[in-house]
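In my numbering, the protein residues as written are 171 to 427. Beta carbons are placed, not taken as given, at the ideal position from N, Cα and C, and that holds for glycine.
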Amino acid sequence: MRYNYNFSFIFYVICILGLVIIQPVSAAADEPVDFLSDDFYEDEPADIEVNDPIEPFNRAMFQFNDKTYTYIFNPVAEGYSAVVPIDIRAIIDNFFRNLEEPVRFVNCLLQGRFVDAGSVFVRFLSNSTIGVGGLVDFADRELGFEPIDATLGETLGAWGIGDGFYLVVPFFGSSTLRDFTGTIIDGLALTPYYTYIDNWSVKTGIYAGKTTNELSLHLGEYEDLKKLSFDPYVALRNGYFQYRKKIRDHRVILEGE
């Protein structure tokens with residue numbers, strides 16, 4: 171996503187850490203992750219190692235993302251939500267999520283999650299046909315196949331590649347060196363509307379529309395998160411690592427069943 175990709179990632183500013191828009195534990199956990207609980211954003215998680223050797227740089231990027239979101243992207247999303255009904259925005263969200271199912275399918279295979287890969291395949295096939303090109307999540311609503319997340323960052327981790335250090339990326343938010351690398355490759359090499367569309371302006375427009383739509387579905391969440399801690403940078407950084415740990419722990423439980 172060089173060239174225009176940064177603008178394409180505008181939605182992820184709401185996360186500032188890449189967690190608010192992600193489906194909690196792939197929407198498959200018995201109990202959803204509560205991102206707005208005080209315990210989830212505790213300032214000193216006892217069981218999680220936080221590797222943040224470039225904290226001054228990361229704090230500067232956090233402030234940049236915070237101001238950009240507050241004064242540019244959030245007002246745009248608010249205006250968008252005011253004119254586009256929630257039902258239409260949900261349909262648009264379904265459509266784009268369905269387009270990205272092949273990315274999840276490939277990563278599930280690469281991680282050896284063959285049952286999940288089968289579920290993703292069924293979701294993509296049924297939603298692309300009966301679900302009218304993914305406009306309706308027929309697989310979840312009628313067949314019970316809930317959304318599943320799988321990223322290249324997770325794939326690299328499954329192959330034994332370490333997280334690397336914590337990194338706050340302009341216009342993207344919280345990540346690690348490994349996960350951000352995976353995100354770039356997921357988007358550039360695998361996502362259909364980047365793979366098959368040559369015009370960068372069109373690609374940017376599509377992604378900007380997608381991410382603005384998603385942001386409109388989560389208005390106010392980032393502001394609520396900031397209120398939970400004396401130091402939002404530390405709280406969101408720790409929340410990012412706790413979220414990733416909850417995903418890993420949940421999958422270990424599922425694999426043991």
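Pop quiz: G314 and F308 are said to be a contact at Cβ under 8 Å. What is the actual Cβ separation, rounded to whole angstroms? Under the criterion of beta carbons closer than 8 Å, G314 and F308 do not qualify as touching, at roughly 11 Å.
May I ask you to report which of helix, strand or coil DSSP gives S344? strand
Can you check which of these residues, A320, L269, Y241 and E316, is closest to L280 by C-alpha distance? A320
What is the rounded straight-line gap between the Cα of R348 and the Cα of K396? 26 Å
Where G334 and V253 are concerned, what is the direct C-alpha to C-alpha distance, given to the nearest angstrom? 42 Å
If I measure Cβ to Cβ from V220 and keep anything under 7 Å in the same chain, skipping five residues before and after, which residues do I get? Around V220: Y336, R407, N408 and F411.
Nearest-angstrom Cα distance between S298 and F227? 43 Å
Under the three-state DSSP convention, the category V339 falls into: The answer is strand: DSSP assigns V339 an E or B state.
When burial is assigned at 16 or more other CB atoms within 10 Å of the CB, is G332 buried or exposed? exposed
Can you give the Cα-Cα distance for L305 and I224, rounded to whole angstroms? 42 Å
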